[in-house]
Amino acid sequence: MRSLKKVTRQCADAGSNENFLRFLGGAEALVSRALSIAMVVVLAVAVIDLVRFLVLEIFSEPFGLFSTTLIEIFGLFLNILIALEILENIAAYLRKHVVQVELVVVTSLIAVARKIIILDFEKTTGVELIGLAIAIFSLSISYWVVRHVNAKEH
1 MRSLKKVTRQ
11 CADAGSNENF
21 LRFLGGAEAL
31 VSRALSIAMV
41 VVLAVAVIDL
51 VRFLVLEIFS
61 EPFGLFSTTL
71 IEIFGLFLNI
81 LIALEILENI
91 AAYLRKHVVQ
101 VELVVVTSLI
111 AVARKIIILD
121 FEKTTGVELI
131 GLAIAIFSLS
141 ISYWVVRHVN
151 AKEH
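Quick note on numbering: the working numbering labels position 31 of the sequence shown as 31, and the sequence is numbered without any gaps.
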């Protein structure tokens, strides 16, 4: 009889808000860790791809010169930088269990900057350029506001 009461109490406790929130916290931590590992794999593959690309470019004719434009090479570097920023976002979430808006805005700024750097102006319309300009302006203002608020808090 005693064990039946114990099991009944444990079942009732399992449905409590605290236990459910503890379960959700564990699930979030597990997903964040899996994303971190996946991002490390993506970064390793991207770095290997960049090194392979650079070696092939340097050792192909004409030797020592890049047959592709530097803009494509910069795009590969910026891809790795964006992936590093995303990994930093995940790590910051694991540390503090809070999404850090400043990191997200910086990552977005880098992504838009990459888009502009590798942009083919012959195939881009004026509306697309206006959209990118609005995105940069909005993200820049957002970054300034977040930095200003964070500076006041500290």
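The C-beta atom is built at its ideal place from N, Cα and C for all residues, glycine as well.
Nearest CA to the CA of residue i: which residue from the options?
| i | options | result |
| --- | --- | --- |
| V42 | I86, I134 and K115 | I86 |
| L94 | Y143, R33, K123 and E57 | R33 |
| V47 | F59, L81 and L30 | L81 |
| F53 | V40, S36 and F74 | F74 |
| L84 | G126, I37 and E128 | I37 |
So what does DSSP say about residue i, is it helix, strand or coil?
| i | result |
| --- | --- |
| F122 | In the sequence as presented, Phe is not what sits at residue 122; that position holds Glu. Three-state DSSP puts E122 in coil, outside helix and strand. |
| V55 | helix |
| S142 | helix |
| V149 | helix |
| S32 | helix |
| T107 | helix |
| V98 | coil |
Since residue i and residue j are thought to touch, with beta carbons under 8 Å apart, how far apart are those beta carbons, to the nearest angstrom?
| i | j | result |
| --- | --- | --- |
| I116 | L103 | In fact, because the Cβ distance is near 21 Å, the residues do not count as touching under 8 Å. |
| V146 | V101 | 5 Å |
| V112 | L139 | 6 Å |
| I90 | L35 | 5 Å |
| R114 | L70 | The Cβ separation is near 14 Å, so there is no contact. |
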